[in-house]
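The structure appears below as structure tokens.
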Amino acid sequence: MNTPAIVAEDVSRTYQLDGLSVPALRGVSLTVEPGDYVAIVGTSGSGKSTLMHLLGGLDRPTGGTLLIGGRDVARLTPNELAELRNTTIGFVFQSFHLLARTTAQDNVGLPLVYRGIGRRERRERAAAMLDRVGLAHRITHRPNQMSGGEQQRVAIARALVTGPSVLLADEPTGNLDSATGQSVLALLESLNDDGVAVVLVTHDREVAARARRQIVMRDGLISATR
Amino acid sequence: MRLAEAWRVALDALRANRLRSLLTMLGVVIGVAAVVALVAIGTGTKEQIERQVEGLGSNLLLVVPGRIEAGSAPTSSPLTLDDIDAINRVVGDRTRVAVTIASGETVRAGSRTGFSSMQGVLETTPTVFVRRLDRGSYLTRTDVSTGRRVAVLGAGTARDLFADRDPIGRQITIGGVRFRVIGVFEPLGQSLGVDRDSEVHVPVTAAQRLLGTERIDGIAIRAPDRERIGELSDAVVAALAERHPDTDFSAVTQEQILGVLGDILGVLTGVLAAIAGISLLVGGVGVSNIMLVSVRERTKEIGLRKAVGARPRDIGVQFLLEAVLLTTTGGVLGMLLGGSAALLVDRLSPVPAALTWWSMALAFGVSAAVGIVFGVVPAQRAGRLDPVVALRTE
């Protein structure tokens, strides 16, 4: 566990919009250690979402070097990158992104589908993970039968089911009331205590303050670290 | 992703939009049903005609004046019974030679009237063609040589004129001339669109007197075996050409008739199937359209699946299977529908229909192919979606 989970060196990302080059990231360097707890803060348009997409292997940098789990993203094929996301990264989104017609259990088991794991084992592992996030009693419920907080816990269980080394959470409390948000944060922190690195993207200073480190983004650059 | 899992996801997606899936399927159902039913009708018609031509007799050679080709005008026949003597010498067996002179005539028995095809024939007709009697006896050589006014009735004519009474020995008039009924044929049905049961056979000599002519319309010869048909055909045509230098004669075999009819029906069936195939194509376009809508609707789902590790291929396969599942289900339903329609037509209408395994297999294969062809573009589009963009879509 000595290699860093994620290493970004002078990473930039420029979008081409109608022939115009729009830089979203302009050279960001950042290391996420195993078991780290990092908050990335910044106003909208600061580049923090772009950074999170890069750190999660959803996107590729247009400049600089990005290593995820020790592997150079620039040298990976789309399939290898998909596999890297599956094995190394767990995503938690602001709007949960659960499959609407699917039970909590099968939502959690979804990433295992792309590992070729059979249905029975998927359900066993998903049930164990739902138990871990305190939703053992919600296994057969569908998203519309659950509260926002419960849905986000299902999403966290889904992110964890593959045993990733990093959880990337994009405004995980953004759609929740503050009490529910607190309990979701508490869950993320307890997972962090178990050794999973957590990278939290938020514009909420209070949420950010709970992290071990804060990285403040502004105009596509890191403007401060705390 | 395992294939079984992909099927499950595809099935699930189709179930989520039941009505839409059904309506999309309908295009394929109609297309496949049309292909299956029309091919069945084409095949059934062809088989029926083949049976009818073969049912005439075996190793037949039909000789008619004129050329048998498209656009040729009918030739008035120069043939007479003297020519038959010449042909009998060529063939060497007079029981193998039959003639006909045909005319539509009104037939009457008492107050009942019917319309029949009067056939002036030799007594050899039953030894040349397959023609069985139900009752009584057929014409004799003496009947023919003396021009006796006796008649053998088709089953339909017998029924029209005599209903349930036995016609044997009774008088009828044909074209106003009295004849005595000596036999009734077994029912034969239609062959090549002609109602064979309304025929009345009379001695050719009697028919010629009634019509005031010496001519005969056509000659049929039954060859002893298949191998000698060609040889016999040449010899007969040569003999006739010598006697009538100004007239062309044509001799055709059953095989030639079958070949020509088979070609025509084959083309006809092909054209029908192609027209039906167009509706299958339109159904395919519908599938493509709905799949594109489905991809757009589920952009977020695609983004999420990619985020948790789906490869572009996994997503593409998922959507492709959805399209294939849609069209093959439609294909199976279409097969059932088209098959039932064909059976119904066969049973309830005079049009024959025969289901063939190859048309069913073809229809199913084509429907699967339609799914693949029309599913590929939406599937590729889904597979290539940028996960970042997809996740951001609301």
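As given, the protein sequences belong to chains A and B, one line each in that order.
All residue numbers for the first sequence refer to full-length UniProt numbering, where the first residue is 1 and numbers rise by one.
All residue numbers for the second sequence refer to full-length UniProt numbering, where the first residue is 1 and numbers rise by one.
Glycine is no exception: its CB is placed at the ideal position from the N, C-alpha and C atoms.
Please report whether the beta-carbon of B:D12 lies at a distance below 9 Å from any beta-carbon of chain A.
yes
Using only CA atoms, which one of B:V130, B:G156, B:T24 and B:L11 lies nearest to B:V282?
B:T24
What runs of the alpha helix (DSSP H), each 4 residues or longer, lie entirely inside the stretch 17–73 of chain B?
18–55
Measure from the C-beta of A:E150 to each C-beta in chain B and report whether the shortest distance is under 9 Å.
no
List, in chain order, every chain C residue whose beta-carbon is nearer than 8 Å to that of B:K46.
Absent here is chain C; the protein component of the structure consists of chains A and B.
Taking the alpha carbon of B:G383 as the point to measure from, which residue in B:R2, B:T327 and B:R298 has its own alpha carbon closest?
B:R298
DSSP state of B:E199 mapped onto helix, strand, coil:
strand
Closest residue to A:S183 among A:L17, A:G47, A:V133 and A:M52 (Cα-Cα distance):
A:V133
Once you ignore the five residues that flank A:M1 on each side, which residues in its own chain have a CB closer than 7 Å to its CB?
Because A:M1 carries a pLDDT of 48, less than 50, the predicted location of this residue cannot be relied on, and the following value inherits that uncertainty. These residues qualify, in order along the chain: P34.
Alpha carbons only, please: which of A:T225, A:L221 and A:R226 is nearest the one belonging to A:S12?
A:L221
Test: B:V29 CB closer than 9 Å to a CB of chain A:
no
For B:M118, report the span of its beta strand (DSSP E) as first-last.
R112 to V121
Is there a C-beta anywhere in chain B that falls below 9 Å from the one on A:D59?
yes
Among A:Q94, A:L200 and A:V113, which residue has its Cα nearest to the Cα of A:L176?
A:Q94
Quick one: give me the first and last residue of the beta strand (DSSP E) that B:T253 is part of.
F249 to T253
Simplified DSSP assignment, three categories, for A:V73:
helix
Roughly how many angstroms separate the alpha carbons of B:S117 and B:G27, rounded to a whole number?
48 Å
In the DSSP assignment, the alpha helix (DSSP H) including A:L30 goes from what residue to what residue?
Taken as a continuous stretch (DSSP letters only), A:L30 belongs to no alpha helix (DSSP H), being part of the beta strand (DSSP E) at L20 to V32.
Helix, strand or coil at A:Q94 [DSSP, three-state]
coil
If contact is defined by three or more beta carbon pairs under 8 Å, each pair taking one atom from either stretch, is the stretch 157–166 of chain B in contact with the stretch 209–220 of chain B?
no
Listed by chain order, chain B residues near A:R101 by CB distance under 8 Å
D12 and A16
With the cut-off set at 9 Å, would you say A:A8 and A:V166 are in Cβ contact?
no
In this structure, how does DSSP classify B:D134 when only helix, strand and coil are distinguished?
strand
Burial state of A:Y15, where buried means 16 or more other Cβ atoms lie within 10 Å:
exposed
Neighbour list for B:R311 in chain A, Cβ cutoff strictly below 8 Å
P78, N79, A82, E83 and Y114
With which residues is B:Q318 paired in a DSSP beta bridge?
Beta-bridge pairing links B:Q318 to no other residue.
Inter-residue spacing [alpha-carbon to alpha-carbon] between A:L54 and A:A100
27 Å
Mind checking who A:L67 pairs with in its DSSP beta bridge?
A:V7 and A:D72
Kindly list, in the order they appear in chain A, the residues whose Cβ is closer than 8 Å to that of B:L391.
L58, F93 and H97
Using the three-state DSSP reduction, which class does B:F364 fall into: helix, strand or coil?
helix
Contact list for A:P111 against chain B, beta-carbon separation under 7 Å:
V308 and G309
Whole-angstrom Cβ separation of B:V144 and B:L56, contact assumed at under 8 Å?
Their Cβ separation, rounded to whole angstroms, is 21 Å, which puts B:V144 and B:L56 out of contact at 8 Å.
What is the DSSP secondary structure of B:F374, reduced to helix, strand or coil?
helix
May I ask you to report which of helix, strand or coil DSSP gives A:M1?
Residue placement at A:M1 is poorly supported in this model, since its pLDDT is 48, which falls under 50; the coordinates still yield a value, given next. A:M1: coil per DSSP, three-state reduction.
I want to see whether chain A comes within less than 9 Å of B:L304, judged by CB atoms only; does it?
yes
Pull out every residue of the stretch 22–56 of chain A whose Cβ sits closer than 8 Å to any Cβ of chain B, in chain order.
H53 and G56
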